[in-house]
Structures are given as structure tokens and as C-alpha cells.
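A short worksheet on the structure shown next.
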Amino acid sequence: MSQIYRRQISIDQLLSNSSVDQKSQLSLGGLLSQAGINLAVCAGLLVVFMVLRYPNGAVYGRRYKHAPPDKKPPRLTANPFSWLGPLFRTGEAELLRTVGLDAVLLLRFLKLCFYTFLVFTAAGAGPLIPINYLKGVIAKGEEFGFGTIIARFNMTNMTELRWITADVVVAYALSVFLWLFIFLNNRFFIRTRQAYFHSEEFLTALHNRTLMITRLPAALRDDSVLLDYMSSLTPDYRVTTVSVGRELGELPKLVDRHTTLIGKLERVLASYLRDEASLDKPRPTVKVNREPVDAIAYYTEQLEDIQRTIKVQRADLHLNRSTNFAFIAYANAYEAQMALKTLAKAGTGKHKFLLNLAPAARDIIWANVVMPPAILATRKTIIRVLFGLFCCFATIPTSALSLITSVSSLRQLFPDSNVWFDSNPKIASFWQTLVTPLILAIYFMMLPFVFRLLSRYSGIHTHTAVERSVMKKMYIFLMFSQVVVFTLAGVLSNLIGQVNNKKLTVGQLFENLAPYIISSLSSTSTFWISYVALRCINNMLELTQVFSLFLIFTRRYFTKPTPRQISVLSKPPDFDYGVVYANYLFLFVMTLVYSVYAPLILPFGAVFFGLGVMVYKYQLMYVYITKVQTAGLMWRSVVNRMFVTIIMFQLFVLLSVRFRIADFDALGYMNQWSLCIPLPILTLIIAIAHYFWLEPRMRYMSGPPADDRFGDLAKENHRLLDRFLQQLFRDAETTPMVDKKVRHLLQRVYQTRQSMPPPGKDENGVMSRADGSVVAGTNLRYDFRDVNSDMASFAGDYHDTSFSYHSEYEMNTLPGGGPAAPGYPGDYKHGSYVEHESYHHPAAHLGYDSQTFPPLTDPAPTYNHQPHGIHHQPPMASAHHPPTRSGPFNPYQPAGPPELQDYPSQGFYHPQGGHHQAIDTSRDFHDPQQATYSQGNGDGQRPAM
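Right, here's the structure in full:
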């Protein structure tokens, strides 16, 4: 024991001679001040939220105001505390119905972290903090006081090594607790996902019974050839329709250009058309080839030109060369999944290609889908190299930040600064524990934009896959830059400073490396306690929606927003799952890794994740939407990273115990260290078992659908490629939005264009729509919006019982159960839908009235093929399309892009032979993902069920 005591005194002298005690003293003052500041800021932000929530329903209740009736959360009243009730009363069953499985799994992850750190605040920090504090020896000459408390809460203070067994016991308890909770959450995920697989919403969605092939060989790029080949590979499963993709040419770029031009024209008109007197002002101009031209006329001409080109390319799309992707539709979702499972095991035969379940149409990034394999492989290699370089070079500011984080490091690297630090201890403490973590948080807020750009460029096919890639990249970067670089930079700066000050030689440095690592980790743990505490403010900032409030206020009062900008501002934003998961996984890593070494971090972690549960439950219920429901595809990646985090925590505990025992040369206590060795091995085995248990159950249906109605949906698989291209076509149908009060001024704006038809008639003398959406002097149609009504919605409250179908929900149903047309901005009042005065159906672009539609079996029209850049009048709808039929608006009729309704899709092979035929929809199944193409019976009536 005397040998151990002598070794113990030498370590205490070493620590007392360093600046660790000074740093701990500074950190305690900064930590206490930060806790007070954080509490005050969080309380202030909570009060701001409760005051502003009710009168600003367009900000704090955006999802509520736009959700369909069956997706609405409970209505809130003017009581400032009314928002707390739904947070505690709304269960998971209700959340699954209203916000979906993706949101529920995020909340379950936050709850798992919260319960873990809450339980071990009592079961872990409760016993470890007193043991670390009481079972250590104060170094000679050290003053015992309030300023040394934090340093004595850590494992580095423990000198009676028989008590180090308590750290090992807590590590085992934490590991078992996490193993159990991960298993329970995985079981919930599997049961819920399988229930979703057998739901009507899943079974009737077209993409869920469709497989998508990429890297298709040239020999199979024919519909009939591919059909025969796939039928031979999966003879037990019915292939109903095959569509080989066609080269889109310039169509995606043209659609993007079309959207950009509409935005420019809307901004010019919103700025110029204010009232009657505004027409007397000089017309706005734009420079073209360094020459000023009339902006309104220029953008109008460009839009008319590009619309003609888009129509021509859409009409000729089936004539384009086949490309390397295809869609294969099966009779039902179960057969599609079983065919995929069979091919995954047996292979694709002599022709090699990639096969996956088709994503939702709105989720596809078409520019990446049509990318040639060689370019795709090159881009992936480039992105991997760029990401590696980014991780290395982006750690330079992180490493610099780690130096300014540590006051003791600055003292050793710059000895002349000791006088200033001694004379300004409060400023140094404030800088170390508050300002530096704040700078670090802002720095990491910019990372998602960089990683999202890299992921899209790498050729990922879907937006949801991009978000999963962003989450993975952020996790890797944060682990590398923080756990590796940030921590090691602090260790090296301490060691180099000791050598520079000639307190140690290089030989002594390596001889005493273990105690220096322990002391440096102790100092770093204080920073991470401060960082986790500071992030509590981020949760409250998310709740108060400060950025949204600022943006809407400035747009409303200091700019001239266009009607579209106002509409976009009032819509519920898409929830960024990748970024939220990555940030919370990172905080989970840091809190868990230091939970045994520095148990004081546990209560701060519990508070942080507890606030996260509260904040994001409200945000997902009332503010955000999930644009594309994936039924928890990101969960598997989250679970894998949780297992990696657990292994990191266990290795950290193992090495900490080993170094602490080595400090004393106490070989008799090696049993405590050896007890930690099985932990990472067990976790690895459990992680592998979870993978083989989870993978097949989350990917494939457990059995065929029980409802016979969903056994054969072959009739719904027609026009396959067109239906997957619907989002691209819908973007091409966008019309400029103009304030309704300046509608009468538009004709005066365009009256100088004499080549255009007179007001009220097209070029063939046919009367245009009575609502005046076609303005004399132009072929553009306008969507007239009541801006005053839209602006008033910013002050709306939760009493609004109407909803707008401008929202991004994928499944809209009428009271009778049938599908409503997406994009139909109807108000549900007294059991019926009332059309907004400003609404025009996309078919109006070709001259059809919004309440009548052409039949599906009309012959294909002819188009005058004109190259992009020739500016003269396109043929009007009446010249090439059959007369419309009268009758009331029927939402069960097709509401898709007009060209797809006017003539049959060509070039898509069906096993029955021939091309597209009239569709007999004796049974109407709603496709929630592709509701735009839900079939009617063609006579304006709802089909028989």
C-alpha cells in the first residue's frame, strides 16, 4: 500500500502543478453562470412562445391549418398552456394516424435517450459522484474549496482503487439497459411496419407494387423483351405491366427553367402592379446582352416559348431512345416484394442489373436516375474523395476552436497571457464555457447544406435517400472532428505546452503519458458538459420558430412578396429528419461516452433530450410535415449508429479504468479492468444478431394481404411511366400567380402586343374562360390569388376549420371514401367542397374548363414542332382537342397533366397485347401516392364499388 500511496502523491503533485485546477475553477464559475443564463433564456423563450402561439397560428400551427380532417391534431385554444395537454394525452396510436411512423420513431429515439439518462442520473450519477468525491485524496498544498468540486466529481479524482468497481458496474447496467430498450423499440418498429404493409394506404399505392430497375442492359431495353425475361425469372408472380424508361432529354432542365422564369415574372409584376397609378411609372427592365429590355414582355415571351418547347417534348417523349431504367408492375404489393426477395437470393440471370422497390413519384430525382453508370461511378468516387478531404481540412477550424476552448492550453502555449487571465477570471470563464460552445454550434449548423449538395451530386436516386446520406455523413464527420481531432488536440496542446515550458522532457512526457491523457480528458469533459447544457437553448429556439417569425415579418412589412411567396411561407415546412437525427445522435454519443467518466453530464443530457421530446412532439403535430412517408427506413441506420456509440462508450470506460490502474502500478486491481473486456464483444454480437433479425422483417411483407380486394390490382398499373413522371409534369403546369385586385391591370400591361388575340378570345375566335385567367395580349394563364386573404392568414388562429389542398399530403379523401384530386384547393364546409375562385385546373392550359375533362381514349393530337427560341403563337387547344363536356366537377375523374389525359400513352407494352386501351374501372382503388391518376368511369360519375 505504501508504494501505491507514494505513486498517488506523485500524481496529485503532477496535477496540482498543472493548470487543471485553475481550469476546473474557471469551469465551475462558468458552468454555474451558464446554467443560470440557460435557465433564464429558456424560460424567456418559453414565455415568448406561449404569448405568440395563438395569434400566430400560421407559424405555430401551420400543419394544423393545412392538414386534412383525418390528419388534424387536437385543436388548441387561446389558453397559453393549452398546448401542453395534447403533448401528454396524445398516444402513439393517434400519432401514427396523424403524423406517421417516421415521426413516431424519431420521438421514440428521443425518449430512449431521455429515459436512459434520466434513470442513470439517479442510478449512475447518484452513486458515482459521491464515490469519486469522497474516495480521493487532496494533493498537498491544494486548498479545499467550492472551486474544486467539478474536478472531484470525475473518475480522475478517485485514488482508492477498490471503489473503481462501481464504474464497471454502472457501465454494465447502462449497456444492459440500452440493449433492452433497443430491442423493445425494434420490436415495435417491426410490428408497426408490418401493420403498415397490410394497410389499404400501402397496398393501393402504385409504387409499392412496382419494382424499379437501374443499370438495365441494352439487350433488355424493350418492353416486351423485358416482360418475357422478368416473367421467366419470377414465374410464380404475375408481371402485369413493363415500361422501359425513355431519355428525358432537356425536359427536366426546361421545367426548372420554366419555374425560374415564373418566379422572375411574378416578382416583376408584384413590384410593378400595385394600383392604377403604378402604370404611369416606367416599366421594369432587365438587361439582355447588356441591353435593357422590357422585363414583363421579355419574361412573358420566354415563358410562352419554353411552354411550347415543353409541350413538344412531352408529346414526343415516347419516341425518345430507351434508357437504362425501367418500371415493372406486379399484380399486388406482396408479389412485388416476393419477386424482389427471390431475385435478391437467386440473382438476375445472365443479364445483370440492379433491382429495388420503386420509390414514390415525388421522391425521385430524375436527373440522377437517367445518369449513365460510368458517370455515376465517377461521381461516387469523386464524392468519397471530397468527403474525406472535407473531413480532414474542415477539422482545421475545429482544432483551432479546441485550443481557444481550453484556457489552460492558451496559458501554456502563450505564457505572456497568464497576467491577463489572472486579472480577468470571470471573462475567461465566460469565454470558455459559453461563447466557445456557441461558436461551435453555429459552425455545425452550416454542415447539412454541404453534405446535402455532396449527396445529390453523387447520384442518389431519391430525396429520402439523400437525407439518409446526410445523416450518415454528418455522424461520421462529427465523430471524426470531435471525438478524434477535438479531444486529441487538447491532449497534444497540453503536452507540447509542458515541454515548451521545460517542465517535462520528451522522455518524461512519454513516461507519464497516461496521467496526462486522463487529466486532459477530464478538462474536455467539462467542455462537453457545457456544450450539452448550451444545446438546451437550441431546443427552445426550435419551439419558438424565431427564424420563421423573422422571415415572415420581414417579408410582409419590408418587401413586396409575390402571392406565391406568401403561399409558400404559410405552408408547413418539410421536416429535416437527417439533420435532426445526426445532431441528436452526436449529443447521445458525447453524453453516453462521458456518462461514467464524468457522471455530472447525465442530468444535463436528460434535460436536453427531455426538452427534445417535448419540442419535437409539438412541432411534428402542429408545424412540420413529412413530405414522403418512408415507414421508418431511416430507423435501421439510427440503430446501427447507436450500437457503434455503445461500443465507443464501453471502450472508453475500459481504457479509462486501465489508465487509472496503470497510474498506480496496482496490478492487484487488474480484475476490474478485465471485467470490462466482454462488454464491446457482447455488444458487437447483439448488433449482428439484430441485423439478421431486423433486415428481412423490415424489408418484406410477412404474408399476402388478407383483403381479397387487394389481391389483383392489375387494372391500376396502366400508364406506368407516365404516372411516375407526374411530379415532373405537374411542375411544368405551374401558372404565374398575381394578386386578384390587379387582374384588370394585366390587360393594359399587355395591350401593346398587337399580334395577340383580342380580349376574351383565342386566336381562333373561341371565347376564353369567363374568369379572365387568359389575358388579352398573351397566351399565359394566370392564377389570381386574394393576397389580402393570404396575408390575413398569418394572424389566423386554431379556430379555422377549413383546410387547403395546396398542402403536400399524399393522401386526400372525400367524406365518402373516394380520392380527392391533389392540388384541388377546396374548403370542406358542411359536408361539401367549395372551389376557390382563383383555382384553375391544370387542364386549363390547353383550353379545357376546370370542371370538364377530355376522355381517356381520345386520339393523340398533332403538334407543330418548333425549335426552342422561335417566338410565334402555338396552336390553341380548340384546334387539336375534342370539345369538352359539360357537367359538375367530379374529383373522381383524372386530374393529372392534360397531355396524359388527352391521348393514350404510347409505347408501353401490356401482356394482354397491344397498347393502351380504355380502362374499365369497375372497382376504384385509391392510390394515395399517385392520387392524381385515380381512375373514374369517364361519365362524370363516381365508379361503382
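Take the sequence shown: its position 775, counted from the start at 1, is 763 in our numbering, and no numbers get skipped.
Built from N, CA and C at the ideal position, the CB exists for glycine as well.
Y318 (DSSP reduced to helix, strand or coil): Looking at Y318 - three-state DSSP - the assignment turns out to be strand.
Helix, strand or coil at Q923 according to DSSP, with G and I counted as helix: In this predicted model, Q923 has a pLDDT of only 32, less than 50, meaning its place in the structure is not dependable enough to derive any value.
Nearest neighbour of A66, chosen from V92, M38, K59 and R77 [CA to CA]: Nearest option by C-alpha distance: M38.
Three-pair Cβ contact test at 8 angstroms for the region 531 to 546 versus the region 722 to 731: Counting Cβ pairs under 8 angstroms, fewer than three are found: no touch.
Run of the alpha helix (DSSP H) containing P115, from where it starts to where it stops: It spans G114 to L122 - the alpha helix (DSSP H) in which P115 sits, taken as one unbroken run.
Exposure of G447, with buried meaning 16 or more beta-carbon neighbours within 10 Å: G447 should be labelled buried.
Uninterrupted beta strand (DSSP E) stretches inside the region 256 to 299 (no shorter than 3 residues): The region 256 to 299 contains these whole beta strand (DSSP E) runs: 273 to 276 and 279 to 282.
The beta strand (DSSP E) enclosing M200, as first and last residue numbers: Element bounds for M200: T198 to T202.
6 angstroms Cβ shell around L608 - same chain, five flanking residues per side excluded: Correct list, in chain order: V87 and A91.
Three-state secondary structure assigned by DSSP to D210: The answer is coil: DSSP assigns D210 none of H, G, I, E or B.
Backbone CA spacing between P693 and N196 [nearest angstrom]: Taking the straight line from one Cα to the other gives about 13 angstroms.
Beta-carbon proximity list for A594, same chain, < 8 angstroms, skipping 5 on both sides: For A594, where only same-chain residues beyond five positions count, the Cβ hits under 8 angstroms are F102, F105, L106 and T109.
Backbone secondary structure at E683 - three-state DSSP: Assignment of E683 by DSSP, reduced to helix, strand and coil, places it in the helix class.
Buried versus exposed call for R203 [16 or more other C-beta atoms within 10 Å across all chains shown]: By the Cβ neighbour-count rule, R203 is exposed, with fewer than 16 other Cβ atoms within 10 Å of its own.
G447 in three-state terms, based on DSSP: Correct three-state label for G447: coil.
Three CB pairs or more closer than 8 angstroms across the region 619 to 631 and the region 569 to 576: Touching, per the Cβ criterion.
With 16 other Cβ atoms within 10 Å as the buried cut-off, status of W408: By the 16-neighbour rule on beta-carbons within 10 angstroms, W408 is exposed.
Validate contact between the region 223 to 242 and the region 322 to 332 using beta carbons, cut 8 angstroms, 3 pairs: Taking one beta carbon from each stretch, the region 223 to 242 and the region 322 to 332 have 3 or more pairs nearer than 8 angstroms; the two touch.
Alpha-carbon to alpha-carbon, F165 and F171: Looking at the two C-alpha atoms, the distance is approximately 10 angstroms.
Buried/exposed call for H732, threshold 16 Cβ in 10 Å: Exposed, because fewer than 16 other Cβ atoms sit within 10 Å of the Cβ of H732.
Own chain partners of R736 with C-beta closer than 8 angstroms, once the 5 adjacent residues on each side are dropped: Sequence-distant Cβ neighbours of R736 in its own chain, meaning closer than 8 angstroms and more than five residues away, are L267.
CA nearest to the CA of K615, picked from Y287, T452, P43 and F375: Proximity to K615 across Y287, T452, P43 and F375 peaks at T452, based on C-alpha coordinates.
Three-state class that DSSP yields for M630 in the structure shown: For M630, the secondary structure class from DSSP, reduced to helix, strand or coil, is helix.
Selection from P403, L537, V243 and V357 that minimises the alpha carbon distance to L716: Comparing Cα positions, the closest option is V243.
For G73, the first and last residue of its enclosing beta strand (DSSP E): Where G73 is concerned, there is no enclosing beta strand (DSSP E), although the alpha helix (DSSP H) around it starts and stops at L72 to R77.
Residues of its chain near Q10, where Cβ-Cβ distance is below 6 angstroms and the 5 sequence neighbours each way are ignored: Here the model assigns Q10 a pLDDT of 40, short of 50, so the residue's position is not dependable and the matter cannot be decided.
Supposed close pair Y287, I371 - CB separation, criterion 8 angstroms: In this structure Y287 does not touch I371 by the C-beta definition: roughly 36 angstroms separates them, more than the 8 angstroms allowed.
Assigned secondary structure, V645 (DSSP; H/G/I helix, E/B strand, else coil): Helix at V645.
Environment of Y610 [buried if 16+ CB atoms lie within 10 Å]: Here Y610 is buried: its Cβ has 16 or more other Cβ atoms, across all protein chains shown, within 10 Å.
Under the three-state DSSP convention, the category D244 falls into: Of the three classes helix, strand and coil, the one that applies to D244 here is helix, per DSSP.
Own chain residues within Cβ distance below 7 angstroms of R41, not counting five before or after: A distance below 7 angstroms between beta-carbons, with the five flanking residues on each side excluded, links R41 to the following residues of its chain, in chain order: Y48 and W71.
Residue range of the unbroken alpha helix (DSSP H) whose run includes S536: Where S536 is concerned, the enclosing alpha helix (DSSP H) stretches over V534 to F546.
Distance between Y606 and Q533 (C-alpha atoms, nearest Å): It is roughly 12 angstroms from the alpha-carbon of Q533 to the alpha-carbon of Y606.
Touching by the beta-carbon criterion (3+ pairs, under 8 angstroms), the region 288 to 302 and the region 228 to 239: Touching, yes, given that three or more Cβ pairs across the two stretches are closer than 8 angstroms.
Length of the line joining the Cα atoms of L590 and L95: L590 and L95: Cα-Cα distance of roughly 20 angstroms.
Completely contained alpha helix (DSSP H) runs for the region 576 to 634, where each covers 4 or more residues: Segments of the alpha helix (DSSP H) lying fully in the region 576 to 634: 589 to 610.
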